[in-house]
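Residue numbers (this note's numbering): 126 to 510.
From the three backbone atoms N, C-alpha and C, an ideal C-beta is built for every residue, glycine too.
Keep in mind it's a predicted model, so treat the numbers as computed, not measured.
Working notes for the structure below.
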Amino acid sequence: MLMIGKDQSISLYFHIPFCSRKCDYCHFYVLPDKAPLKVLLMEGLRLEWEYIKPLLIEKKIVSIYFGGGTPYLLGAAAIAEIIQWVASIVPQGVISSMEITLEANPENIEIDTLKEFYGAGINRLSIGLQSLDDTQLTILSRQHSAKKGLDAISMAYDVGFKNISIDLMYDLPNQTLASWQRTVKRASSLPIKHLSLYNLTIEPHTAFFKYRKKLEEQLPDGETSKAMYETACSHFEASGLRQYEISAFAKEGQIARHNSGYWTGRPFWGLGPSAFSYWDGRRFSNSANLSKYTQALRTGNSPIDFSEELSPIARRRELLAIGLRLFKGVDLVAFELQHGSLDLPCKDLLAKLKAEGYLGSEDSRWFLPKKGILFYDSVATELVL
126 MLMIGKDQSI
136 SLYFHIPFCS
146 RKCDYCHFYV
156 LPDKAPLKVL
166 LMEGLRLEWE
176 YIKPLLIEKK
186 IVSIYFGGGT
196 PYLLGAAAIA
206 EIIQWVASIV
216 PQGVISSMEI
226 TLEANPENIE
236 IDTLKEFYGA
246 GINRLSIGLQ
256 SLDDTQLTIL
266 SRQHSAKKGL
276 DAISMAYDVG
286 FKNISIDLMY
296 DLPNQTLASW
306 QRTVKRASSL
316 PIKHLSLYNL
326 TIEPHTAFFK
336 YRKKLEEQLP
346 DGETSKAMYE
356 TACSHFEASG
366 LRQYEISAFA
376 KEGQIARHNS
386 GYWTGRPFWG
396 LGPSAFSYWD
406 GRRFSNSANL
416 SKYTQALRTG
426 NSPIDFSEEL
436 SPIARRRELL
446 AIGLRLFKGV
456 DLVAFELQHG
466 SLDLPCKDLL
476 AKLKAEGYLG
486 SEDSRWFLPK
496 KGILFYDSVA
506 TELVL
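See the structure below:
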């Protein structure tokens, strides 16, 4: 087991599942934006916080992330309360040095509410832009227009949010390289510090999955998808958004602290229904049902309904595969000092993947070359037991 030392950094994630409407491609646990459900969620979060608080004493909390769903819909007062929970267990003044991110969607953003969140202690805003093409936004069943997306970013910046991240999606039905280039060009000029880039995946339990055969016929082909990714990377690089991970770009000094923890194996605890955690070498998730989640905590029981502990060998392989997502790669000497030696079959596999052009190495640093980036999922599948 990879135990957590008292001096190790950790992160906190709060899952706020409310949305105005569930998007057709979304596979996350979300609920309608209703006041009674918010009351129930806050009850559950308070109980779970008291449950885990003793585990956090003497830990260094480096980031708090409010994800969803649309945590913006919970309201600034509730978010401020949660931030104060964390502030109450860390040394005075430390809370202001943490990266505290709130996800928001353009259609919900209003200037007065933004000011409230800013005053509550949110210092990083992640806006679900997804596209700057109205046709693509309609296909994705998004509730905002391209103009509303641009206006939301401008409002956030004017309020004082200087650390703004946006999400963009490509590989969309009927999307052309030309339309994608227009979105990329407009996004490159925005006052943002970070950008996450995702290609559409059609997941089970989504509206898209129900008519996936028709949608798959409308998706860009492999060569177009590759061109879309490469176009985005070159445009963002030219605008000062340097790629530091397969799907993430940042201005100098603005790499996402919270997300970086996922790729480096930093322990994190997720609170809320369906929230996922990695703690003391174990990964687990809460019930994806708000009522069951809260009821379990009311009765003094754990809300966790899935738990898995990997063997040391399997965990090292997983950490290696995740770490390779970062453009700086993985220093195997440092990696093995921290996590233990890789098994011989894994080392043989690294050599094989390098010979095939999917991995590169310089001294003890291993990384993904261009071919490996494009086929990362295959590389990771081979590495993970």
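- Counting other Cβ atoms within 10 Å of its Cβ, Arg450 reaches 16 or more and is therefore classed as buried.
- The alpha carbon of Thr424 has as its nearest neighbour, out of Tyr176, Tyr138, Cys148, the alpha carbon of Tyr176.
- Secondary structure note for Leu293: its beta strand (DSSP E) is the uninterrupted segment 289-295.
- Measuring C-alpha to C-alpha distances from Ala277 to each of Tyr197, Leu265, Glu328, Trp305 identifies Tyr197 as the nearest.
- Residue pairing by DSSP places Lys185 opposite Ser134 in a beta bridge.
- The three-state secondary structure of Asp456, taken from DSSP, is strand.
- By alpha-carbon distance to Cys471, the top candidate from Thr506, Lys453, Ser304, Ala459 is Thr506.
- Counted as a single uninterrupted DSSP element, the stretch harbouring Glu377 is not any beta strand (DSSP E), since DSSP gives it neither H nor E.
- Within the DSSP secondary-structure output, Gln268 pairs in no beta bridge.
- Going by C-alpha positions, Ser266 is about 25 Å away from Thr226.
- Across the set Gly378, Ile291, Gly386, the C-alpha of Gly386 shows the shortest separation from the C-alpha of Ile189.
- Asp488 has its alpha-carbon roughly 23 Å from the corresponding atom of Ile438.
- The distance from the Cβ of Ile371 to that of Tyr501 is about 6 Å, consistent with a contact at the 8 Å cut-off.
- The shortest C-alpha to C-alpha distance from Phe139 to any of Phe334, Asp158, Thr195 is the one to Thr195.
- Check the Cα spacing between Ser222 and each of Glu342, Ile498, Lys185: the tightest is with Lys185.
- Tyr483 places its beta carbon 8 Å or farther from that of Lys495.
- With 16 or more neighbouring CB atoms inside 10 Å of its own CB, His383 falls in the buried class.
- Among the bridge pairs identified by DSSP, Ser251 is matched with Glu228, Ser290.
- Two segments are said to touch when three or more pairs of C-beta atoms, one from each, lie closer than 8 Å; by this definition the segment 296-309 touches the segment 338-351.
- Residue pairing by DSSP places Ile141 opposite Gly193 in a beta bridge.
- Pairing Val309 with Phe393, the inter-Cα distance amounts to about 32 Å.
- Check the Cα spacing between His269 and each of Ser279, Met280, Leu257: the tightest is with Leu257.
- Taken atom to atom, the span from the alpha-carbon of Asp468 to that of Lys477 is near 15 Å.
- Taking Leu199 as reference, the option from Gly218, Glu173, Val164, Leu137 with the minimal CA-CA separation is Val164.
- With fewer than 16 other Cβ atoms inside 10 Å of its own Cβ, Val458 counts as exposed.
- Ile234 is the residue among Asn414, Ile234, Pro157 whose C-alpha sits nearest the C-alpha of Met280.
- If you compare the alpha carbons of Ser427, Val155, Ile498, Pro428 with that of Gly448, the shortest gap goes to Ile498.
- By the criterion of at least three beta-carbon pairs nearer than 8 Å, the segment 209-219 is not in contact with the segment 149-161.
- Assignment of Gln217 by DSSP, reduced to helix, strand and coil, places it in the coil class.
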